[in-house]
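Colleague:
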Amino acid sequence: MNEISKAYEPQSVEDKWYDFWLKQGCFTANEKSAKPAYSIVIPPPNVTGMLHMGHVLNNTIQDILSRKARMDGKEVLWLPGTDHAGIATQMMVEKQLKKEEKKSRHDLGREEFLKRVWAWKEKHGDIIINQLKKLGCSCDWTRERFTMDEEYSRCVQKVFVELYKQGLIYRGKRMVNWCPASQTALSDEEVEMKPQRGFMYHFRVEAVEADGSPVKGVSGRPLTPALSPKGSEGEKSSATNATASPASTPQVNVAPIAGSKTINPPASGSLSHSGGEGQGEGAVQKGGPEIDSQGRIWLTIATTRPETIPGDTAVAVNPKDPRYAHLIGKHIIRPLPVELPHEQKLIPIIGDEHVDFEFGTGVLKVTPAHDKADFDIGTRHKLPLIEVINADGSMSDLAGADLRGLDRFKARKVAVEKLRELEMLVEEKPYENNVGFSQRADVPIEPRLSEQWFLKYPAVETSKACVTEGRMKFHPDRWAKVYDHWLTNIQDWCISRQLWWGHRIPVWTKKASAASPDFSALQTQLNGIKQSGALIHMNLYTPHAKKEGATNVLQQDAQENYFIRLDVAVDPTEEKIISMLEQHGFTQDTDVLDTWFSSWLWPFATMGWPESTETLKKFYPTTDLVTGPDIIFFWVARMIMAGYEFMGTPQFGLPDAMPFQNVYFTGIIRDKQGRKMSKTLGNSPDPLVLISQYGADALRFGTMRSAPLGQDVLFDEKDVELGRNFCNKLWNACRFRQMQGGEVQGEIDPQLLTADDKWILLKLDAAIREVSIALNEYKFSEATAALYRFFWNEYCDWYVEASKATLPRGGDSLNSENVKLETDSTIQQFNDSTARKANTLAVIDFVLSHTIRMFHPFLPFITEELWHAMAYSTDMPENQGGKTIMFAPWPMPFDDDFKNHYGLENTQLEATNAKYDLVKQGRDLRRAGNIQAAKKVKYVFKPASPLSPHDAEVIKLLLNAEALEVDVHYAPPKGTPSVNLSLGELFLPLEGLIDVAAEKIRLTKEVEKDQAEIAKVEQKLANPNFTQKV
RNA sequence: GCGCGGUUAGCUCAGUGGUAGAGCAUUACCUUGACACGGUAGGGGUCACAGGUUCGAACCCUGUAUCGCGCACCA
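Under our numbering, residue 1485 is the last one in the first sequence; the count climbs by one each step, no gaps.
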């Protein structure tokens, strides 16, 4: 047994053992093993990412679960890998390209650019993997996967073709979330709503007849003045605001218009909103058309996006709105672009239920090309689309001469100025609304009509049921509600991305005009190939055919010409078919798939799917998934659906195809102020730096101790420091044992067990139970806290100190000179007990070897080191702890046989607790008497019932007393401090210890000081002018 | 708007009906046989607020306030 150093030095230990584990293949899962399986798939980090605290939390938990399962005798597969992370990685490489070569990806071309990304991946892809290794993660690295591996890519393509065949994947022209920065469509999940401070603009337009002539015969309230072109901007708005909503203005009379039919306004009683503070009609009737001196009718429209006015193709009001309903069918003159001829500025006023007449002015400008709701209105009313914003967020030519080419935000300002010049701007007031942002690029998204691929989710109902019915458990289970809600309101998934880095959509397409020759010959040929088993599926789109499931496939191009299209989805490895298609003029879709369209296959695509491999048979469904709740929709829900869809087929013979049995949602790591860790804030510590400063075990322990189930974690480096201190304590406790020498793990003789021995054994038993239960319930912070308490407070603070009573220094025989015992024979008995010493060491070894094993999942490195240094490995079977602690059996709570054999009963705890309580109170006597800790004192104990010599020695030691006199007849001098407890009465005779006069002075001074303080505070409080400083 | 979570010591948080807990910070003393990354003792709480249930409430119920998160959003 080598002497171990005074302080634990993690650096010299960690690499050594990690290499050892790797060399010995300790992490490698054997799919042929007879042991019961335990499996986890790692949430694959971004291949070019860096380890952050979220990873530390997440992967430490997975490692704890894996290591615990190994100790439980399970065959463990923790399957690691990385994600290609389409947008993030592409953006990173593009950024570098721009910085170093001042080029865009288009300058390089697709092929060359992809070469660069692969090179980047090769260079940086290992970083995060190595960081995980530093943390101690026991992943089976022989099975590491990457979402763009050849095999994995084939899974993605197969899945695409399969779903396409089922009609679940379709191409459609839809409003999508468009990111102008990365210039790609995004899924709804990639859009983050953020409150933004902006302005609500009210502008006025003239209502006219369809031929452009003024509307006649409509009364209205008088026109409010517009904001003058030269007016100062901000301050005036509030003044105009007052005039803009005159509650006293008489209501608009809905007079029949000559030549048009009469519209009867609904009775005011039918208007649900008309009650409330408005006292009837006034509240409802505010706003409405205004009439100018020449009798022209004006409508005021509220908008936050005046730059889209050139894209407006209608103005909508609610047909039930009495203020406006009579104007439906009239037109308005759209103010922008100004240069258009009058007749091209006319857009209709339409009635649509979507319009909320309580909001804004009750008049909605409809921009079908740039707003999702407006697009729907446009579809209902067959409105034309005018695209005024380009893909990059700049204004198009259709936006007019004033706005053309401007960035959308700059255009907003210019549009406002134009309205002001035209004296149409009525109001401009600060306004806060939610704006969708691209999560990746952090710029506002632009709703944009574009042709994309969509997926109608498969297996939705089954996926819902498995969680609601409890076959798959969420921890904490409140996430089940969130999951269920999302699945209930699920929308089709936009899966195409206008990027280059990712899985290219395996569809070859040819378009032809409706008049061109048909594709039937080719279809027959392809069908023949299909019969031979090739992965291929085709869809023919004709102007009038509507494929089942392929809803909303518009068979018109931008010019409204009908066309025919043949889409052929085919496995890209079918080179013959592809070259045939290309000869026919087919081209592959240029888009790639959303990254999550590959990650949703992770639990089985990493295990050899679509073959029914041994690995799948052994390890699917996986046991646990550990992830953050922020990707519950992105990843977890989709994986469940994919699991049911693709693992539910008979060949896998699974009773339930769900991908995991338990999902553990971690908290989110935040900084001390509660902010999310982010690169821009720079508040995220580098875990590798922490590891080098404190050790990986310390980082793990600190993180676990402060991460309760389901709560966010405020990270504080102090927690890591605590972890380091703890490791050092563990180290030194072992060092203390080692310094005692003697036989390692000798046999425990039940006859020689002291009360303290029994006490610690019972406490150990309780700790084993507590930790095991906590781990089974995924309560890692509770498990950690229990271990901490047991080891530090119970074992070190009490047991080790008490054990010194039987472990004399330097191996001398017990020196009990200062303990006055009842009889000489008991002294003899006590003194001679070298067997007792050996027995104490045996108990220590027993406790330590169990404790170290319980700590191993949390602190893999230091426990492995100690396991060997303490030689606890030596009498274990080779594959159960002999070689490594990783496979040592997890401690079991004591059974009845064990307890009977050692005479352990829970009732014994009480007496020892009483003894320790006596000690605590005895120590306090010292402080009460102001006696320095270093000063040797003598206590006198008057026992209530006979005290064993061993207990007397323990009490003396723990009191740090020079002597403990046990005397049943002790008569203390008057004023001797004492405590009276169940075990007896303890005295601290003061003679010679304190200078009574000096002590009197000290105490008097203290009292005076306190009184002065009281007087000061009272004086303050009595002062009526006294206020607390804030 | 709907849903979820939080509110307990100076800070970060445990605590599912029976005497309010931990770590850090803080005060005093101590380098006493492993550990100063340590030891001993202490100070510090109206458990957000208001009702209710109960012999008994931090805990259960109702409501309020407040902070945070998610979803959906109206120009």
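Idealized CB from N, CA, C, for every residue including glycine.
Just the C-alpha distance for P1398 and G1358, rounded to the nearest angstrom, thanks.
Modeller: The residue you call residue 1398 lines up with position 943 of the first sequence. The residue you call residue 1358 lines up with position 903 of the first sequence. Roughly 25 Å between the two C-alpha positions.
Colleague: Spatial neighbours of K691 within its chain, please: CB distance less than 7 Å, with the 5 preceding and 5 following residues excluded, ordered by chain position.
Modeller: Along the first sequence, read from residue 1 onward, the residue named residue 691 stands at position 236. Bear in mind that a pLDDT of 40 at K691, under 50, signals an unreliable position, so the number given afterwards is only what the model happens to contain. Around K691: L682.
Colleague: Compare the Cα-Cα distances from L1080 to each of K620, K928, Q1193 and K985 and report the closest residue.
Modeller: Walking along the first sequence from the start, residue 1080 turns up at place 625. When only C-alpha atoms are compared, the closest one is K928.
Colleague: Can you tell me which of the three DSSP states C634 falls into?
Modeller: For the purposes of this step, residue 634 is taken as the residue at position 179 of the first sequence. C634 falls in the strand class under three-state DSSP.
Colleague: Tell me the DSSP bridge mates of C949?
Modeller: Numbered from its first residue, the first sequence carries residue 949 at position 494. For C949, which the question treats as bridged, DSSP gives the partners F909.
Colleague: For a test of the three-state rule: what should DSSP assign to A1426, helix, strand or coil?
Modeller: Here residue 1426 refers to the residue found at position 971 when the first sequence is read from its first residue. Here A1426 carries a coil assignment [DSSP, helix/strand/coil].
Colleague: So, for G675: in the same chain, excluding its five sequence neighbours on each side, which residues have a beta-carbon less than 7 Å away from its beta-carbon?
Modeller: Locating residue 675 in the first sequence gives position 220, counting from the first residue. Contacts found: V707, G743, P744, E745, I746 and I752.
Colleague: For E1440, which residues does DSSP report across the bridge?
Modeller: On the first sequence, position 985 is the one that residue 1440 refers to. Answer is K1397 and N1435, bridged to E1440.
Colleague: Suppose the cutoff is 7 Å on Cβ atoms and the five residues either side in sequence are ignored; what does the same chain contact list for R1224 look like?
Modeller: For the purposes of this step, residue 1224 is taken as the residue at position 769 of the first sequence. So the list reads P1348, once near-sequence residues are dropped.
Colleague: DSSP state of N1385, grouped into three classes?
Modeller: Within the first sequence, residue 1385 is the residue found at index 930, counting from 1. The three-state secondary structure of N1385, taken from DSSP, is coil.
Colleague: When we look at the beta-carbon of F615 and count the other beta-carbons within 10 Å, is it buried (16 or more) or exposed?
Modeller: Working through the first sequence from its first residue, we reach residue 615 at position 160. With 16 or more other Cβ atoms within 10 Å, it is buried.
Colleague: Looking at C-beta atoms only, is the number of pairs between the stretch 983-991 and the stretch 1079-1095 that lie closer than 8 Å three or more?
Modeller: By the Cβ test, the stretch 983-991 is not in contact with the stretch 1079-1095, since fewer than three Cβ pairs between them sit closer than 8 Å.
Colleague: Does Y656 pass the burial test, meaning 16 or more other C-beta atoms within 10 Å, or should it be called exposed?
Modeller: Start at 1 with the first residue of the first sequence, and residue 656 comes out as number 201. Under this definition Y656 is a buried residue.
Colleague: Classify M1159 as helix, strand or coil using the three-state DSSP reduction.
Modeller: In the first sequence, the residue the question calls residue 1159 occupies position 704. If DSSP states are grouped into helix, strand and coil, M1159 belongs with the helices.
Colleague: In this structure, how does DSSP classify D1352 when only helix, strand and coil are distinguished?
Modeller: Position 897 of the first sequence holds residue 1352. If DSSP states are grouped into helix, strand and coil, D1352 belongs with the helices.
Colleague: Taking the beta strand (DSSP E) that Q1116 belongs to, which residues open and close that run?
Modeller: Counting from 1 along the first sequence, the entry for residue 1116 is found at position 661. Its beta strand (DSSP E) spans residues F1115 to F1120.
Colleague: In the DSSP assignment, find the unbroken beta strand (DSSP E) run with I832 in it and report its ends.
Modeller: Here residue 832 corresponds to residue number 377 of the first sequence, with the count starting at 1. Per DSSP, I832 belongs to no beta strand (DSSP E); it is in the alpha helix (DSSP H), K827 to H836.
Colleague: Taking only three categories from DSSP, how would you classify I802?
Modeller: Taking the first sequence and counting its residues from 1, one reaches residue 802 at position 347. I802: strand per DSSP, three-state reduction.
Colleague: Report back the beta-carbon spacing between T755 and T822 to the nearest angstrom; my notes put them in contact at under 8 Å.
Modeller: What you label residue 755 is simply residue 300 of the first sequence in a count that begins at 1. What you label residue 822 is simply residue 367 of the first sequence in a count that begins at 1. Between T822 and T755 the Cβ distance is about 17 Å, and since that is not below 8 Å, they are no contact.
Colleague: With distances taken between CB atoms, is the gap from P761 to D826 smaller than 9 Å?
Modeller: Here residue 761 refers to the residue found at position 306 of the first sequence. Here residue 826 refers to the residue found at position 371 of the first sequence. No, the Cβ-Cβ distance between P761 and D826 is not below 9 Å.
Colleague: Would you decide whether K1484 is buried or exposed? Buried here means 16 or more other CB atoms lie within 10 Å of its CB.
Modeller: Residue 1484 sits at position 1029 when you count from the first residue of the first sequence. The predicted position of K1484 is uncertain, since its pLDDT is 33 and thus under 50; no value can be drawn from it.
Colleague: For the stretch 1069-1078 against the stretch 1110-1118, are there 3 or more C-beta pairs whose distance is under 8 Å?
Modeller: yes
Colleague: Give me the Cα-Cα distance between E883 and A757, rounded to the nearest whole angstrom.
Modeller: Translated into positions along the first sequence, residue 883 becomes position 428. Translated into positions along the first sequence, residue 757 becomes position 302. Their backbone Cα atoms lie some 9 Å apart in a straight line.
Colleague: With a threshold of 8 Å (Cβ to nearest heavy atom), would H1323 be considered close to the ligand COA?
Modeller: In the structure on display, the ligand COA does not appear, and there are no ligands present to speak of.
Colleague: For P669, which three-state DSSP category applies?
Modeller: Taking the first sequence and counting its residues from 1, one reaches residue 669 at position 214. If DSSP states are grouped into helix, strand and coil, P669 belongs with the strands.
Colleague: Around the C-beta of V1226, are 16 or more other C-beta atoms found within 10 angstroms, so that it is buried, or is it exposed?
Modeller: Stepping through the first sequence from its first residue, residue 1226 is reached at position 771. Taking every protein chain shown into account, the CB of V1226 has 16 or more other CB atoms within 10 angstroms, so this residue is buried.
Colleague: To the nearest angstrom, report how far apart H1323 and F1353 are at their CA atoms.
Modeller: In the first sequence, residue 1323 corresponds to position 868, counting from 1. In the first sequence, residue 1353 corresponds to position 898, counting from 1. When rounded, the distance between both Cα atoms is 26 Å.
Colleague: Does the distance from the CB of T964 to the CB of Q1043 come in under 9 Å?
Modeller: In the first sequence, counting from the first residue as 1, residue 964 sits at position 509. In the first sequence, counting from the first residue as 1, residue 1043 sits at position 588. With respect to the 9 Å criterion, T964 and Q1043 are classified as neighbours on the basis of their beta carbons.
Colleague: What would DSSP say about N1415, mapped onto helix, strand or coil?
Modeller: Within the first sequence, the letter at position 960 stands for residue 1415. Residue state, collapsed to three classes: coil.
Colleague: DSSP puts W533 in a beta bridge; with which residues?
Modeller: Reading the first sequence from its first residue, position 78 is the one you call residue 533. Answer is I495.
Colleague: Are the CB atoms of M1132 and G509 nearer to each other than 9 Å?
Modeller: As a working mapping, residue 1132 is identified with position 677 in the first sequence. As a working mapping, residue 509 is identified with position 54 in the first sequence. In this structure, G509 lies closer than 9 Å to M1132 by Cβ.
Colleague: Leaving out the 5 sequence neighbours to the left and right, which residues in its chain are closer than 8 Å to Q1363 when beta-carbon positions are compared?
Modeller: In the first sequence, counting from the first residue as 1, residue 1363 sits at position 908. Around Q1363: A1210, K1213, W1214 and L1217.
Colleague: Straight-line CA distance for I1307 to K570?
Modeller: For the purposes of this step, residue 1307 is taken as the residue at position 852 of the first sequence. For the purposes of this step, residue 570 is taken as the residue at position 115 of the first sequence. In a straight line, the C-alpha of I1307 is about 49 Å away from that of K570.
Colleague: What residues in its chain sit with their C-beta under 8 Å from that of A1388, if we drop five residues either side in the sequence?
Modeller: Indexing the first sequence from 1 puts residue 1388 at position 933. Closer than 8 Å at Cβ, skipping near neighbours: R1381 and N1415.
Colleague: Hey, would you say V818 sits closer than 9 Å to V770, going by beta carbons?
Modeller: By 1-based counting over the first sequence, the position of residue 818 is 363. By 1-based counting over the first sequence, the position of residue 770 is 315. Against a cut-off of 9 Å, the Cβ pair of V770 and V818 comes out as a contact.
Colleague: Just confirm the distance between the C-beta atoms of T1061 and G528, as a whole number of angstroms; I'd bet it's less than 8 Å.
Modeller: The residue you call residue 1061 lines up with position 606 of the first sequence. The residue you call residue 528 lines up with position 73 of the first sequence. No, T1061 and G528 are not in contact; Cβ-Cβ is about 24 Å, not under 8 Å.
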